[in-house]
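Counting in this note's numbering, the final residue of the sequence shown is number 340, and the numbers go up one at a time with none missing. This report refers to the structure that appears directly beneath it.
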Amino acid sequence: YYVNECFQEVAKHGTYDNRPCIVHLDGTWSFPADLSEEAKAKAERLTIAQAFAKIAELKPATMVPHMFCLPGMTTYRAIFDALSIPIVGNSAVVMGISTNKVQSKAIVEASGVPVPPAQLLKKGDVPHMKRPFILKPCNEDNSQGITLVKENIDLQKALDYAFSFDHEVLCESYIELGRELRVAVLEKDDGSFQMLPCIEYFLTDDSPIRTPQHKLVTDSRGVPTTAVVGGRKCPADIDDVLAKKLLNLAVKSHTALGCRDYSIYDVRVDPQGEPFFIEACLYCSFAPKSVIVAMAGEVGMKQREVYEMFVDRSIKRKREADEQAADGAAKRLGMRA
Numbered sequence: 004y005y006v007n008e009c010f011q012e013v014a015k016h017g018t019y020d021n022r023p024c025i026v027h028l029d030g031t032w033s034f035p036a037d038l039s040e041e042a043k044a045k046a047e048r049l050t051i052a053q054a055f056a057k058i059a060e061l062k063p064a065t066m067v068p069h070m071f072c073l074p075g076m077t078t079y080r081a082i083f084d085a086l087s088i089p090i091v092g093n094s095a096v097v098m099g100i101s102t103n104k105v106q107s108k109a110i111v112e113a114s115g116v117p118v119p120p121a122q123l124l125k126k127g128d129v130p131h132m133k134r135p136f137i138l139k140p141c142n143e144d145n146s147q148g149i150t151l152v153k154e155n156i157d158l159q160k161a162l163d164y165a166f167s168f169d170h171e172v173l174c175e176s177y178i179e180l181g182r183e184l185r186v187a188v189l190e191k192d193d194g195s196f197q198m199l200p201c202i203e204y205f206l207t208d209d210s211p212i213r214t215p216q217h218k219l220v221t222d223s224r225g226v227p228t229t230a231v232v233g234g235r236k237c238p239a240d241i242d243d244v245l246a247k248k249l250l251n252l253a254v255k256s257h258t259a260l261g262c263r264d265y266s267i268y269d270v271r272v273d274p275q276g277e278p279f280f281i282e283a284c285l286y287c288s289f290a291p292k293s294v295i296v297a298m299a300g301e302v303g304m305k306q307r308e309v310y311e312m313f314v315d316r317s318i319k320r321k322r323e324a325d326e327q328a329a330d331g332a333a334k335r336l337g338m339r340a
């Protein structure tokens, strides 16, 4: 859904020659002319070796990731990095950290970002904290496997549900419902940060956390078909005091995690107005309805401006690195040489 929406939008602009690259579930690759069903069916399926040869033939200036599964956010980004093709957005290393909720929380907490108390559980472990707490798979997205464990909830059933998605589970202290926000920052060309207007998700005492049903609409096979609309507001009503706290949280998290270009965070604000980092969401499809684009639209930035800013910056990073190497300025020693 999202990649198709992005492709249709950027094709209108004509700034770049955007070429889809699809990795199929059987491990083959294809390079359709566009994302229509006809073009996808017509495209030749290639082995990974043939795909690399095709990529070398195309000589892409940059790659815009649209695979949001764990291998897509890590392995396949790393492949393009190994091929010396620049990537828009965050690196495979950063994505690997961000998809692990325990690791990302530990890193931002070490930089002074408030996080809810938590415990990492392996199979057979028992939570030590008092209820209510939240159980969630350590490496999962879209609230899959999540349960708010209150006094009347079957703990073992909740643990089994979470462990059905991952071999590690995060047991996180429940922050009483004040507000639920999504906060995003963009890196500017001068190195400064711009916090975009926040999204607020409206929750209730009966439904105080976001579940999969709050996030995705799926078909009969469970395949996401579109994003859920409604139950949220952008821009959220944020006063200057809270805005300062949110910017501080987002910039510290962005820097600590080693993010690049942009970053997005789910933030829980308690009834006293104190924000807590819940998790990092470091990807963007650049579709017109995607989070970054929707937030940027509230300050007058069109999808084209956002997309082309990051694509051009990615190309520039590669060009400058090549120029440094040609001038003999590249590092000769150390692990990053």
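Heads up, the beta-carbon is just placed ideally off N, CA and C, and yes, glycines get one too.
Query - Closest by C-alpha distance to residue 136, when choosing among 174, 262 and 129 - result: To locate residue 136, count along the sequence shown from 1; it is residue 133. It is 174 whose Cα lies nearest to the Cα of residue 136.
Requested in this report: May I ask you to report which of helix, strand or coil DSSP gives residue 306?
Outcome: As a working note, residue 306 is residue 303 in the sequence shown. The answer is helix: DSSP assigns residue 306 an H, G or I state.
Report task. Whole angstroms is fine: what's the gap from residue 328's alpha carbon to residue 197's? Result -> As a first step, residue 328 must be located in the sequence shown, where it is residue number 325. As a first step, residue 197 must be located in the sequence shown, where it is residue number 194. Their Cα atoms are separated by approximately 31 Å.
Query - Local conformation of residue 147 per DSSP, three classes - result: On the sequence shown, residue 147 is found 144 positions in, with the first residue counted as 1. Looking at residue 147 - three-state DSSP - the assignment turns out to be coil, as it is neither helix nor strand.
Query raised in the report: Over what stretch of residues does the alpha helix (DSSP H) that includes residue 9 continue unbroken?
Result: Along the sequence shown, one-based indexing puts residue 9 at 6. Note, residue 9: alpha helix (DSSP H), 5-16.
Report task. Run the CB neighbour count on residue 74, radius 10 Å, all protein chains shown included, and call it buried at 16 or more, exposed below. Result -> On the sequence shown, position 71 is the one that residue 74 refers to. So residue 74 ends up on the exposed side.
Query raised in the report: Are there three or more Cβ pairs, one per stretch, closer than 8 Å when the stretch 299-319 is compared with the stretch 130-150?
Result: no
**Report entry** Through-space distance from residue 122 to residue 200, alpha-carbon basis
**Finding:** Position 197 of the sequence shown holds residue 200. Position 119 of the sequence shown holds residue 122. Going from the Cα of residue 200 to the Cα of residue 122 covers about 32 Å.
Query raised in the report: Using CA coordinates, which residue listed in 338, 237 and 189 is at the minimum distance from residue 267?
Result: Within the sequence shown, the letter at position 264 stands for residue 267. Of the candidates 338, 237 and 189, the one whose C-alpha sits nearest the C-alpha of residue 267 is 189.
Query raised in the report: What separation, rounded to the nearest whole angstrom, lies between the Cα atoms of residue 26 and residue 67?
Result: Taking the first residue of the sequence shown as position 1, residue 26 is located at position 23. Taking the first residue of the sequence shown as position 1, residue 67 is located at position 64. Using only the alpha carbons, I get a separation of about 14 Å.
Query raised in the report: From residue 208 to residue 114, what does the alpha carbon distance come to, in whole angstroms?
Result: Along the sequence shown, one-based indexing puts residue 208 at 205. Along the sequence shown, one-based indexing puts residue 114 at 111. Here the C-alpha atom of residue 208 lies approximately 32 Å from the C-alpha atom of residue 114.
Query raised in the report: Can you give the Cα-Cα distance for residue 43 and residue 33, rounded to whole angstroms?
Result: Within the sequence shown, numbered from 1, the residue matching residue 43 stands at position 40. Within the sequence shown, numbered from 1, the residue matching residue 33 stands at position 30. If you take the alpha carbons of residue 43 and residue 33, they lie about 8 Å apart.
**Report entry** Per-residue burial, residue 271 [other beta carbons within 10 Å of its own, 16 or more giving buried]
**Finding:** For the purposes of this step, residue 271 is taken as residue 268 along the sequence shown, with counting starting at 1. Buried, by the Cβ-count rule.
Query raised in the report: Taking C-alpha atoms, which residue in 52, 252, 195 and 140 lies nearest to residue 112?
Result: Position 109 of the sequence shown, counted from the start, is the residue given in the question as residue 112. Nearest C-alpha to residue 112: 252.
**Report entry** Minimum C-alpha distance to residue 5 - residue among 305, 313 and 293
**Finding:** Translated into positions along the sequence shown, residue 5 becomes position 2. Checking every option, the nearest Cα to that of residue 5 belongs to 293.
Query - Terminal residues of the beta strand (DSSP E) in which residue 266 lies - result: If you number the sequence shown from 1, residue 266 lands on position 263. Per DSSP, residue 266 belongs to the beta strand (DSSP E) from 265-272.
Query raised in the report: What first and last residue would you give for the beta strand (DSSP E) that runs through residue 278?
Result: For the purposes of this step, residue 278 is identified with residue 275 of the sequence shown, where counting begins at 1. It spans 278-283 - the beta strand (DSSP E) in which residue 278 sits, taken as one unbroken run.
Report task. Classify residue 122 as helix, strand or coil using the three-state DSSP reduction. Result -> If you number the sequence shown from 1, residue 122 lands on position 119. Reduced to three states, the DSSP call for residue 122 is strand.
Query raised in the report: For the putative contact between residue 130 and residue 168, defined by C-beta atoms under 8 Å, what is the C-beta separation to the nearest angstrom?
Result: As a working mapping, residue 130 is identified with position 127 in the sequence shown. As a working mapping, residue 168 is identified with position 165 in the sequence shown. Not quite, the Cβ-Cβ distance comes to about 17 Å (not below 8 Å), so this is no contact.
**Report entry** Nearest to residue 325 (by Cα), restricted to the options 46, 89 and 81
**Finding:** Locating residue 325 in the sequence shown gives position 322, counting from the first residue. When each option's Cα is compared against that of residue 325, the closest is 89.
Query - Straight-line gap, residue 24 to residue 288 (C-alpha atoms, nearest Å) - result: Taking the sequence shown and counting its residues from 1, one reaches residue 24 at position 21. Taking the sequence shown and counting its residues from 1, one reaches residue 288 at position 285. Each residue's Cα considered, the two are about 14 Å apart.
Query raised in the report: Starting from residue 139 and walking both ways along the alpha helix (DSSP H), at which residues does that stretch end?
Result: In the sequence shown, residue 139 corresponds to position 136, counting from 1. Segment 136-140 is the beta strand (DSSP E) holding residue 139; no alpha helix (DSSP H) there.
Query - Inter-residue Cα distance where the pair is residue 305 and residue 299 - result: As a first step, residue 305 must be located in the sequence shown, where it is residue number 302. As a first step, residue 299 must be located in the sequence shown, where it is residue number 296. Residue 305 and residue 299: Cα-Cα distance of roughly 7 Å.
Report task. Select from 238, 48, 187 and 150 the residue whose C-alpha is nearest the C-alpha of residue 212. Result -> Indexing the sequence shown from 1 puts residue 212 at position 209. Checked all of 238, 48, 187 and 150; the closest Cα to residue 212 is 150.
Query - Every unbroken alpha helix (DSSP H) within the stretch 169-214, with a cutoff of 4 residues, ordered by chain - result: none
Query raised in the report: By a C-beta neighbour count over all protein chains shown, 10 Å radius and 16 as the cutoff for buried, is residue 195 buried or exposed?
Result: As a position in the sequence shown, residue 195 is number 192, starting the count at 1. The residue in question, residue 195, is exposed, as its Cβ has fewer than 16 Cβ neighbours within 10 Å.
Requested in this report: Could you tell me the boundaries of the alpha helix (DSSP H) in which residue 59 lies?
Outcome: On the sequence shown, residue 59 is found 56 positions in, with the first residue counted as 1. First-last of the alpha helix (DSSP H) with residue 59: 51-61.
Query raised in the report: For residue 205, which residues of its own chain have a beta-carbon under 6 Å away from its beta-carbon, when the five flanking residues on both sides are left out?
Result: Counting from 1 along the sequence shown, the entry for residue 205 is found at position 202. Cβ within range, chain order: 234.
Query raised in the report: Taking the alpha carbon of residue 156 as the point to measure from, which residue in 133, 171 and 46 has its own alpha carbon closest?
Result: Within the sequence shown, residue 156 is the residue found at index 153, counting from 1. When each option's Cα is compared against that of residue 156, the closest is 133.
Query raised in the report: Can residue 179 be considered in contact with the ligand HEM, in the sense that its beta carbon sits closer than 6 Å to one or more heavy atoms?
Result: Summarising the ligand content, the structure contains no ligands, and the ligand HEM is consequently not present.
Report task. Mind checking which residues open and close the alpha helix (DSSP H) that includes residue 102? Result -> Sequence index remark: in the sequence shown, residue 102 carries index 99 (1-based). From DSSP, the alpha helix (DSSP H) with residue 102 extends over 95-102.
Query - Best match in 11, 125 and 107 for proximity to residue 117 [C-alpha to C-alpha] - result: For this step, residue 117 is matched to residue 114 along the sequence shown. Residue 107 is the option with its Cα nearest to residue 117.
Query raised in the report: What's the gap between the Cα of residue 290 and the Cα of residue 279?
Result: For the purposes of this step, residue 290 is taken as residue 287 along the sequence shown, with counting starting at 1. For the purposes of this step, residue 279 is taken as residue 276 along the sequence shown, with counting starting at 1. For residue 290 and residue 279, the distance between alpha carbons rounds to 28 Å.
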